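There are 2 protein chains.
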Amino acid sequence: MRGAAAETRQRIVGAAYDLFYAEGFGRVGIDRIAAQAGITKRSLYYHFDSKDALLAAVLEFHHGLALARIAEWAAPLAAADAGDFIDALFAALALWSREQHWTGAGMTRLVMELADLPGHPARAIAARHKAAIEDWLAASLGARGAAEPRAAARTIMLLLEGCQAMILIGGDRTYAATAALVARRSLALNPPEPRP
Amino acid sequence: MRGAAAETRQRIVGAAYDLFYAEGFGRVGIDRIAAQAGITKRSLYYHFDSKDALLAAVLEFHHGLALARIAEWAAPLAAADAGDFIDALFAALALWSREQHWTGAGMTRLVMELADLPGHPARAIAARHKAAIEDWLAASLGARGAAEPRAAARTIMLLLEGCQAMILIGGDRTYAATAALVARRSLALNPPEPRP
DNA sequence: GTCGATAAACTCACTCATCGGTATACGAAG
DNA sequence: CTTCGTATACCGATGAGTGAGTTTATCGAC
Numbered sequence: 014m015r016g017a018a019a020e021t022r023q024r025i026v027g028a029a030y031d032l033f034y035a036e037g038f039g040r041v042g043i044d045r046i047a048a049q050a051g052i053t054k055r056s057l058y059y060h061f062d063s064k065d066a067l068l069a070a071v072l073e074f075h076h077g078l079a080l081a082r083i084a085e086w087a088a089p090l091a092a093a094d095a096g097d098f099i100d101a102l103f104a105a106l107a108l109w110s111r112e113q114h115w116t117g118a119g120m121t122r123l124v125m126e127l128a129d130l131p132g133h134p135a136r137a138i139a140a141r142h143k144a145a146i147e148d149w150l151a152a153s154l155g156a157r158g159a160a161e162p163r164a165a166a167r168t169i170m171l172l173l174e175g176c177q178a179m180i181l182i183g184g185d186r187t188y189a190a191t192a193a194l195v196a197r198r199s200l201a202l203n204p205p206e207p208r209p
Numbered sequence: 014m015r016g017a018a019a020e021t022r023q024r025i026v027g028a029a030y031d032l033f034y035a036e037g038f039g040r041v042g043i044d045r046i047a048a049q050a051g052i053t054k055r056s057l058y059y060h061f062d063s064k065d066a067l068l069a070a071v072l073e074f075h076h077g078l079a080l081a082r083i084a085e086w087a088a089p090l091a092a093a094d095a096g097d098f099i100d101a102l103f104a105a106l107a108l109w110s111r112e113q114h115w116t117g118a119g120m121t122r123l124v125m126e127l128a129d130l131p132g133h134p135a136r137a138i139a140a141r142h143k144a145a146i147e148d149w150l151a152a153s154l155g156a157r158g159a160a161e162p163r164a165a166a167r168t169i170m171l172l173l174e175g176c177q178a179m180i181l182i183g184g185d186r187t188y189a190a191t192a193a194l195v196a197r198r199s200l201a202l203n204p205p206e207p208r209p
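Pasting the structure below:
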């Protein structure tokens, strides 16, 4: 049973991830996480010092998971040009938002929940996460011939975040198409070098 | 004391507004609101059936207040063209975000907090609120000669929401300038009719 | 004009559930 | 025998919400 700790830890993180993502940080109690993980609360506190520490672990887990997922998602798009890549991106967002019980991006919701606590460790992790996504976007766009990949990535981040907020608030998924259009046009104003 | 109810009610709404806006809905207890309003908890429940009902009243209050504020803000811009109007809009956002303890848009944060409760009354109020803002934007842009004011308003809503999220997450206020640029360019693609 | 009746406006003290976190003890593996 | 991991049972604080009683303003009756 010596290596079971890591497995138990992961089970706790997984349970907390599911619950935090579904209902938010504040509204989910430690007891429910422990029950979902199939252990007692005391055991949970053996593995994690506090609820905040657990949250940090969950976010790190989510960070890795999300980056792996978008890399996997982008794999079939290796040959796409920047414009098609953008269209595919927002089409994927529209599809994602159709999922039942979709609640938008977990990191963003968490930051909003902790908006008055700028010093909270979770805020730093979320900031790093978003920066990593933006970096990945810039690299992806640059590799597909976008003229100013960093500026384009910033624009797309704005539109992605805005899109998720608007869809969540009003339930109108056509904002995804609007965002794609805006992103494409914005890109077209910095046209890529013609490739031979 | 026969007509004091309305005044007390408003004091409760004001206290709840301050606290909800500063710390969110879930993390503020009824006791604190009552204390801040200078009454007992039991008196609060005399005026409001539940915490949710109080939240609804707070949101209606905020809705009216926000619309009045943006109208007041826009008054000096009556003569501005659509492009300048957009620049002023995002400049105001950048300035607003510099306020100490700035936590972004209250309605958006609330919807994120209640993301898993699509049937919550507060969600409907928030949706109406955002729709009203978008309508106001479309009217303002149309009056300033924008070619497709509805599409432009949708674009700007996306960028406003995205901007607030990005600034809150990363603390980087230069996203406001990026958003203004994107909005302006997007507008320039649908150029207004030249005015005589 | 004053005296109850009435209803509005409010308070004190309480309910029960849940919150995050812990003291202590027990079983198993090395 | 010690260390790791778990369980039972508990802590004080706080959550939303309430039952029952008290003050206060207004109004009809005389």
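Just so you know, the sequences run in chain order U and Y. Start counting the first sequence at 14; every next residue gets the next number (the numbering used here). Start counting the second sequence at 14; every next residue gets the next number (the numbering used here). The beta carbon of each residue, even a glycine, is placed where N, CA and C say it ideally should be. Quantities reported herein were computed from a predicted structural model and do not represent experimental measurements.
Burial state of residue i, where buried means 16 or more other Cβ atoms lie within 10 Å
i, result
"Leu150/Y", "buried"
"Glu20/Y", "exposed"
"Tyr30/U", "buried"
"Leu171/Y", "buried"
"Leu108/Y", "exposed"
"Thr187/U", "exposed"
"Ala152/Y", "exposed"
"Gly119/U", "buried"
"Gly183/Y", "buried"
"Ser199/Y", "buried"
"Tyr3/U", "A question about residue 3/U goes unanswered here, because the residues of chain U that appear run from 14 up to 209."
"Gly37/Y", "buried"
"Leu102/U", "buried"
"Ala196/U", "buried"
"Leu127/Y", "buried"
"Leu106/U", "buried"
"Ala28/Y", "buried"
"Leu78/Y", "exposed"
"Arg208/Y", "Note that Arg208/Y scores 48 on pLDDT, short of 50, meaning its location in the model is unreliable; the coordinates nonetheless yield the value given after this. Result: exposed."
"Ala91/Y", "exposed"
Boundaries of the alpha helix (DSSP H) in which residue i is found, first to last residue
i, result
"Leu67/U", "Lys64 to Ala87"
"Leu127/Y", "First-last for Leu127/Y: undefined, no H or E at that position."
"Ile99/Y", "Ala95 to Trp109"
For residue i, three-class secondary structure by DSSP
i, result
"Ala193/Y", "helix"
"Phe61/U", "coil"
"Ala174/Y", "Residue identity differs from the one stated: residue 174/Y is Glu in this sequence, not Ala. Note: Glu174/Y maps to helix in three-state DSSP."
"Gly39/Y", "coil"
"Trp115/Y", "coil"
"Ile180/Y", "helix"
"Arg217/Y", "What the structure shows of chain Y is the stretch from 14 to 209, and residue 217/Y is not part of that stretch, so it cannot be assessed."
"Ser199/U", "helix"
"Thr168/U", "helix"
"Ala137/Y", "helix"
"Thr187/U", "coil"
"Ala91/Y", "coil"
"Thr53/Y", "coil"
"Gly132/U", "coil"
"Arg15/U", "With a pLDDT of 47 at Arg15/U, under the threshold of 50, the modelled position of this residue cannot be trusted, and the question is left open."
"Ile25/Y", "helix"
Any non-hydrogen atom of the ligand GDP within 6 Å of residue i CB
i, result
"Ala47/U", "As far as ligands go, the structure on display features none, and thus does not contain the ligand GDP."
- [ ] Please determine if the stretch 61 to 80 of chain Y and the stretch 130 to 139 of chain Y are in contact, where contact requires at least 3 C-beta pairs separated by less than 8 Å.
- [x] yes
Task: Where the stretch 159 to 180 of chain Y meets chain U: residues whose CB sits under 9 Å from a CB there - done: Ala164, Arg167, Thr168, Met170, Leu171, Leu172, Leu173, Glu174, Gly175, Cys176, Gln177, Ala178 and Met179
Open item on the list: Three Cβ pairs or more, each shorter than 8 Å: is that satisfied between the stretch 76 to 90 of chain U and the stretch 49 to 64 of chain U?
Closed with: no
TODO: Would you be able to state if there are at least three C-beta pairs under 8 Å between the stretch 166 to 178 of chain U and the stretch 173 to 180 of chain Y?
DONE: yes
- [ ] Note down, in chain order, all residues in the stretch 88 to 120 of chain U with a beta-carbon under 8 Å from any beta-carbon belonging to chain Y.
- [x] His114, Thr116, Gly117 and Met120
Open item on the list: So, does the stretch 90 to 98 of chain Y touch the stretch 107 to 123 of chain Y, judging by three or more C-beta pairs under 8 Å?
Closed with: no
- [ ] Could you run through the stretch 137 to 162 of chain Y and flag, in chain order, every residue whose CB is less than 7 Å away from some CB of chain U?
- [x] Ala139, Ala140, Lys143 and Ala144
TODO: Check whether the stretch 182 to 202 of chain Y touches the stretch 158 to 168 of chain U, counting contact only when three or more Cβ pairs, one atom from each stretch, lie closer than 8 Å.
DONE: yes
Task: Cβ-based contacts, 8 Å cut-off: residues of the stretch 34 to 46 of chain Y near chain U - done: Ala35, Glu36, Gly37, Gly39 and Arg40
Task: Residues from the stretch 120 to 135 of chain Y in contact with chain U, defined by Cβ distance under 7 Å - done: Thr121, Arg122, Val124, Met125, Glu126, Ala128 and Asp129
Open item on the list: Which residues of the stretch 49 to 62 of chain Y have a Cβ closer than 8 Å to any Cβ of chain U? Give them in chain order.
Closed with: For the stretch 49 to 62 of chain Y, the set of residues with a beta-carbon nearer than 8 Å to any beta-carbon of chain U is empty.
Open item on the list: Any C-beta of chain U within less than 8 Å: which residues of the stretch 68 to 79 of chain Y qualify?
Closed with: none
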